[in-house]
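Chemist:
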Amino acid sequence: MIGLSSKDLNELLKAEIAVSAVKEAFKLHYQKKILQPQRLVMTIKGNWWGLMPSSTDYSFVTKIVNVIPKNKDKGLPSVQGIVILMSPDTGEPLAIMDGTTLTAIRTAAASILSTEIVMKTRSIGNLGIIGAGTEAYYHAKLSLEYFKIQKLLVSARKSHFELAKSMGGEAVDLDTLLKNSDVIFSTTSSSTPVVLGRYLKDTFHVASIGAHTPDAREIDDETIVKIRSYLVDSLEAVSKESGDYIIPSQKGLLKNKVIKEIGEIIDKGLEVERPSIFKTVGISAEDNITAYVAYQEAIKKGIGINVSI
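Mapping of the sequence shown onto the working numbering: position 224 corresponds to residue 214, and the numbering continues sequentially without gaps.
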């Protein structure tokens, strides 16, 4: 068994490889070629914890992950996790890897994939990132590798000046970001909307990775009213877990919208109209394929340390 650190995963999972991995994951998920039971969710000391298992013909993966917002005050990532990869044939452990970094990379890759599908190009105009934590960092890092971007705008309650400077972007207030961005990645732990429709351009794409509980929202009703297409990673998951889908649905705001899983769009080569939203709560299929790809790359390149148990 090998151990893959955060540094290892950063070296192994460049943007092109990570996006390709999640694309395959979503396609296999839609084709029902990944066994993926609903994740076990627990609240521990007021924080969200999840256990996410899945299997394919060549990989069994389980991830233990949590979201602890107060970690930011301690200088720690708000998302922590560990991933275990095992052989479905022999049952032997193949790899253990940093789940925090794997989650951040595969989540950013999913947002990037949704953007490429909707924009139909890698030249995407102005990219706005809301948030300044680990997810915001990886969304910026991988986007700059993958896309041609005119201007990177970053807004958050704090720390966005540092993130913007490190990425060659511009730190701005939220209203400015919303008014000037063609694509918006919302990566917050906010329970109230930060994507406000009254400020948005006529044509936009929003990828939202926060608001993963039924009563939390990153996207307001006005944004929902404006969109033509609502893309999701898993319709079953978002309809049970995310207030950004549950509440607008209960209000009848999703009537006459095109609602599709991203895997179906990939599998069938469907066209997607903007304005659009991609809502992801994260599915274990992404972890499975991304972890397996990282393991294959590590073996090929001789990266990682041998671990005995």
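For glycine and all other residues, C-beta sits at the position ideal for the given N, C-alpha and C.
1. With burial defined as no fewer than 16 other Cβ atoms inside 10 Å of the residue's Cβ, what is the status of residue 287: buried or exposed?
2. Need the endpoints of the alpha helix (DSSP H) that residue 251 sits in, please.
3. Can you tell me where the beta strand (DSSP E) holding residue 286 begins and where it ends?
4. Does the stretch 103 to 123 touch the stretch 157 to 177, meaning 3 or more C-beta pairs lie closer than 8 Å?
5. Which one or two residues does DSSP pair with residue 87 in a beta bridge?
6. Residue 151 by DSSP, collapsed to three states: which one?
7. Rounded to the nearest angstrom, what separates residue 84 and residue 257 at their Cα positions?
8. With a cut-off of 8 Å, do at least 3 Cβ pairs link the stretch 218 to 228 to the stretch 178 to 192?
9. With a CB to CB cut of under 6 Å and the five nearest residues on each side skipped, what residues in its chain are close to residue 144?
10. Cα separation between residue 98 and residue 66?
11. In or out: residue 251 buried (at least 16 other Cβ within 10 Å) or exposed?
12. Would you please state the rounded distance, in angstroms, between the beta carbons of residue 53 and residue 277? I believe it to be under 8 Å.
13. Mind reading off the beta-carbon distance from residue 5 to residue 135? Whole number of angstroms is fine, and I expect it under 8 Å.
14. Any contact between the stretch 124 to 140 and the stretch 73 to 83? By contact I mean 3 or more CB pairs, one from each, below 8 Å.
15. Have a look at residue 102 and residue 9 and give me their C-alpha separation to the nearest angstrom.
16. Hey, could you find the ends of the beta strand (DSSP E) residue 240 is sitting in?
17. Find the nearest neighbour of residue 63 within the set 75, 148 and 193, judged by alpha-carbon distance.
18. Along the chain, where does the beta strand (DSSP E) containing residue 113 start, and where does it finish?
19. Should the stretch 90 to 97 be regarded as contacting the stretch 33 to 51, the criterion being three or more beta carbon pairs within less than 8 Å?
20. Can you have a look at residue 27 and say buried or exposed, based on whether 16 or more other CB atoms are within 10 angstroms of its CB?
21. On the CB-based measure, 16 or more other CB atoms within 10 Å of its CB, does residue 295 come out buried or exposed?
22. Using DSSP's beta-bridge definition, name the partner residues of residue 296.
23. Using 10 angstroms around the beta-carbon of residue 208, count the other beta-carbons present and answer buried if the total reaches 16, otherwise exposed.
24. Run the CB neighbour count on residue 48, radius 10 Å, all protein chains shown included, and call it buried at 16 or more, exposed below.
25. Which parts of the stretch -6 to 31 are runs of the beta strand (DSSP E), unbroken and 3 residues or longer, counting only runs that do not cross its ends?
26. Within this structure, are the beta carbons of residue 75 and residue 281 separated by less than 7 Å?
27. Expressed to the nearest angstrom, what Euclidean distance is found between the alpha-carbon atoms of residue 59 and residue 69?
28. Per the DSSP calculation, residue 269 is bridged to which residue(s)?
29. Give me whichever residues DSSP pairs with residue 40 in a beta bridge.
Modeler: Straight from the coordinates:
1. Numbered from its first residue, the sequence shown carries residue 287 at position 297. Per the 10 Å Cβ criterion, buried.
2. The sequence position of residue 251 within the sequence shown is 261, counting from 1. That residue, residue 251, is in no alpha helix (DSSP H); its beta strand (DSSP E) goes 248 to 251.
3. Within the sequence shown, numbered from 1, the residue matching residue 286 stands at position 296. Counting along the chain, residue 286 falls outside any beta strand (DSSP E), though it belongs to the alpha helix (DSSP H) covering 274 to 291.
4. yes
5. On the sequence shown, residue 87 is found 97 positions in, with the first residue counted as 1. -6 and 73, per the DSSP bridge assignment.
6. Position 161 of the sequence shown holds residue 151. Helix at residue 151.
7. Taking the first residue of the sequence shown as 1, we reach residue 84 at position 94. Taking the first residue of the sequence shown as 1, we reach residue 257 at position 267. Rounded to the nearest angstrom, the two C-alpha atoms are 30 Å apart.
8. no
9. Residue mapping note: residue 144 aligns to position 154 of the sequence shown, counting from 1. Once the five neighbours on either side are set aside, the close Cβ partners of residue 144 are 119, 150, 153, 154, 159 and 161.
10. Within the sequence shown, residue 98 is the residue found at index 108, counting from 1. Within the sequence shown, residue 66 is the residue found at index 76, counting from 1. Roughly 19 Å between the two C-alpha positions.
11. Within the sequence shown, residue 251 is the residue found at index 261, counting from 1. Buried is the call here.
12. Walking along the sequence shown from the start, residue 53 turns up at place 63. Walking along the sequence shown from the start, residue 277 turns up at place 287. Between residue 277 and residue 53 the Cβ distance is about 5 Å, and since that is below 8 Å, they are a contact.
13. The residue you call residue 5 lines up with position 15 of the sequence shown. The residue you call residue 135 lines up with position 145 of the sequence shown. Contact flag correct, Cβ pair sits at about 4 Å.
14. no
15. The sequence position of residue 102 within the sequence shown is 112, counting from 1. The sequence position of residue 9 within the sequence shown is 19, counting from 1. When rounded, the distance between both Cα atoms is 7 Å.
16. Looking up residue 240 in the sequence shown gives position 250. Looking at the DSSP string, residue 240 is not in any beta strand (DSSP E); the run it does join, the alpha helix (DSSP H), is 233 to 240.
17. Locating residue 63 in the sequence shown gives position 73, counting from the first residue. The residue with the shortest Cα to Cα distance from residue 63 is 148.
18. Walking along the sequence shown from the start, residue 113 turns up at place 123. Segment 113 to 120, the beta strand (DSSP E) holding residue 113.
19. no
20. Working through the sequence shown from its first residue, we reach residue 27 at position 37. It is exposed - the Cβ of residue 27 has fewer than 16 other Cβ atoms within 10 Å.
21. Residue numbering aside, residue 295 sits at position 305 when the sequence shown is read from its first letter. Its Cβ having fewer than 16 others within 10 Å, residue 295 is exposed.
22. Within the sequence shown, numbered from 1, the residue matching residue 296 stands at position 306. Answer by DSSP bridge pairing, in chain order: -8.
23. What you label residue 208 is simply residue 218 of the sequence shown in a count that begins at 1. Classification of residue 208: buried, given that the 10 Å Cβ count is 16 or more.
24. Position 58 of the sequence shown, counted from the start, is the residue given in the question as residue 48. So residue 48 ends up on the exposed side.
25. none
26. For this step, residue 75 is matched to residue 85 along the sequence shown. For this step, residue 281 is matched to residue 291 along the sequence shown. In this structure, residue 281 lies closer than 7 Å to residue 75 by Cβ.
27. Within the sequence shown, residue 59 is the residue found at index 69, counting from 1. Within the sequence shown, residue 69 is the residue found at index 79, counting from 1. About 8 Å.
28. The residue you call residue 269 lines up with position 279 of the sequence shown. Residue 269 is bridged to 198 and 222.
29. For this step, residue 40 is matched to residue 50 along the sequence shown. In DSSP, residue 40 forms a bridge with 31 and 55.
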